[in-house]
Every structure is written in C-alpha cells, then in structure tokens.
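K.L.:
Under the numbering used here, the first residue of the sequence shown carries the number 980, and numbering increases by one thereafter.
Where a beta carbon is used, it is the ideal one built from N, C-alpha and C, also for glycine.
The model shown is predicted, which means the values in this text are computed figures rather than measured ones.
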Amino acid sequence: MDEAEESLLETQRERTNARTHSKRRHLHTIRQHPCVAIYIFLLHVMILILLFKDVFSALSKAGREPFIIFPELRSLRHVLKVVHATNHSEYSRFSGPPSASNAAAWEHLLQPLYFNASEAELLAAGSSPATAVKVKNGGYIAALGAYHEIHCLNRLRYFLYSRHDAENMTREEEDMVTDHLDHCIEVLRISVMCTGDLSLYTFTWPENPKAKFLDAHSTSPRKCVDWDQLESYAWKRKVGLAPTLIKDVEDKVGNQS
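In structure tokens, the structure reads:
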C-alpha cells in the first residue's frame, strides 16, 4: 500500500471517528438534558401539525370555492339581503297580472339571455365545440344558468296568464308547450336544491277567516350575488334575443354545406 492510499484511509478513519464521537456527544447531551429532547420532539410535532393544517386548509378552500369559468366573475361580490315574497297581494315590478310595465321589466331583464362563448370557455365547461351551435359573428351561442332560470320563470308566468291561447293551439303545439314548461320546472327544481336557501319562514293565522293559506313571514338575511355586477357582465357579452346562427350540416361523405 503506498503513502497516498494510507493517507486516504487515515482521513476516512478520522471522519468516521468524528461522526461517531459527535453522535455519542449528542446522545450524552440528550441523556443529561431530557428537557432538550422533549423540546426537539415537540418542535418537530408542531412543524408537522402546521404543515398538515396548511395543506388541509388549502384543500378545504378549493372544495368550497365554486367552479367559475369566467375570470371576471371569479371576483363576483356577495351581499346580504332581506327580500322575501310573502305577501300575495303585493306585486314587484316583475309580478302581477300582465301590464306594459311588468312586460317591459321582464324584457329588459332577459336581454342578456344569450352570449357568444369562446371555444376555450366551452372546453372549460366540459362542452364539445364540435356539436355546439355557432353564432354568425363568432363564438357559440350560450347562456348563464341564472338567465336560463329567469327565462323559465318568464315562460311559466306567460302560461299562467295566457291560458286562453291554448284554445287556438293544435294538439302538437300544446304538447310542445307542456314539455317546455315541464322542462322549466325541472330546471328550477335542480337550482333550488343546489343553492338550498336556508332562510327561516314563519307562519301566522290570516285575518280573513275564509283564507285557505297561512300568512308567511320572513326577515332572515340571506347571501345573494351582487346582481348588478353579474348583470353588468352579462350585458357586455349579450348578442340579443335573436342572434343569427350558423348550422353546419354534414353529408354522408363528411362534407359540410
């Protein structure tokens, strides 16, 4: 064995001895000072707890946040409102027997019903651009869920006050309207069961002894989207209630016309 190899082995022995001595000294310190060992153990436990807490908090927050496709609506504000329709004889600007006033209110409310969604927005929503209906000016015709539900409410309202129109309908037209309204009821049921309004309603006996229903009351505040902000966004993207659409028709050999 030459001098270089002997020197290398000696260096390795020194390093090994130093590590062994360091470990023994560390164990001796822990034995002599058990409080230090407890402190180090608790410190590691606290670090692990904080790490798991941060991870769990991030996952929980991600689970609570709604799925929002549109970046501008990710900052949609929420407000507390105490607005409940409990009086059958009081009408808002949207309710009551048909009039020029409430007809105009509904027409204005429904103006942003349709907008032209981009291909990226369709893909983010899990929809296929290949089967979506195109708008002439670009994009694909789409509607926000809130406006789809408002449309359904308006159809039910129209049918409620237009029963005489049924007399002039064919059986096929009547069946089509019935199917549409049944669809609207299902849309609203799903929405109600999704949002789950937790407002508290109470009931009192009506003053009119001939009344068939109890009087409902509620002063519960509830969390609502800032409709002005949502409506402002919808108006910026609207394409009107009758946009020009493009229909792609594929023939048997796969050409489009």
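1. If F1094 sits next to K1217, beta carbons under 8 Å apart, how far is it from one beta carbon to the other, in whole angstroms?
2. For a quick check, are the C-beta atoms of K1060 and C1203 less than 8 Å apart?
3. Considering Cα atoms alone, identify which of Y1140, E1210, L1132 is closest to E1051.
4. Three or more C-beta pairs under 8 Å: does that hold for the segment 1121-1129 against the segment 1076-1093?
5. Can you tell me which of M1148, L1193, Y1140, L1220 puts its alpha carbon nearest to the alpha carbon of W1184?
6. Taking the alpha-carbon positions, what's the L1220 to L1102 distance?
7. Go to K1226, then tell me how far its beta strand (DSSP E) extends in each direction, as first and last residue.
8. Based on Cα-Cα distance, which residue from S1197, L1055, L1160, Y1119 lies nearest to N1066?
9. Which runs of the beta strand (DSSP E) fall wholly inside the segment 1129-1204 and span at least 3 residues, in chain order?
10. Please list the terminal residues of the continuous alpha helix (DSSP H) segment that includes Y1237.
11. Start and end of the beta strand (DSSP E) containing H1087?
12. Using 8 Å for Cβ pairs, my map puts L1160 next to F1138. What's the rounded Cβ distance?
13. Would a C-beta distance cut-off of 8 Å place D1176 and R1136 closer than the cut-off?
14. For I1120 versus L1224, is the C-beta distance shorter than 8 Å?
15. I need the DSSP call for Y1070, collapsed to helix, strand or coil.
16. Just how far apart, CA to CA, sit D1207 and S1068?
17. Hey, how far is the Cα of I1047 from the Cα of C1131?
18. On the DSSP bridge assignment, give the partners of F1094 in chain order.
19. What residues match up with V1062 in a beta bridge as DSSP calls it?
20. G1118: buried (16+ other C-beta within 10 angstroms of its C-beta) or exposed?
P.N.:
Let me lay it out:
1. The Cβ separation is near 6 Å, so the contact holds.
2. At a Cβ-Cβ threshold of 8 Å, K1060 and C1203 count as neighbours.
3. It is E1210 whose Cα lies nearest to the Cα of E1051.
4. With the rule of 3 Cβ pairs closer than 8 Å, the segment 1121-1129 counts as touching the segment 1076-1093.
5. For W1184, the nearest C-alpha among the options comes from L1193.
6. When rounded, the distance between both Cα atoms is 24 Å.
7. Run containing K1226: none; DSSP gives neither H nor E here.
8. The shortest C-alpha separation from N1066 is found at S1197.
9. The qualifying runs are 1181-1183, 1194-1196, 1201-1204.
10. Here the chain comprises residues numbered 980 to 1236, so residue 1237 is not present and cannot be evaluated.
11. No beta strand (DSSP E) contains H1087, which is instead part of the alpha helix (DSSP H) from 1079-1089.
12. Confirmed, Cβ separation roughly 6 Å.
13. Cβ atoms of D1176 and R1136: not closer than 8 Å.
14. Contact flag set, yes.
15. DSSP places Y1070 in coil when its eight states are reduced to three.
16. The alpha-carbon atoms of D1207 and S1068 are separated by roughly 27 Å.
17. The alpha-carbon atoms of I1047 and C1131 are separated by roughly 22 Å.
18. Paired residues: A1121, K1217.
19. Paired residue(s): none; V1062 is not in a bridge.
20. The residue in question, G1118, is buried, as its Cβ has 16 or more Cβ neighbours within 10 Å.
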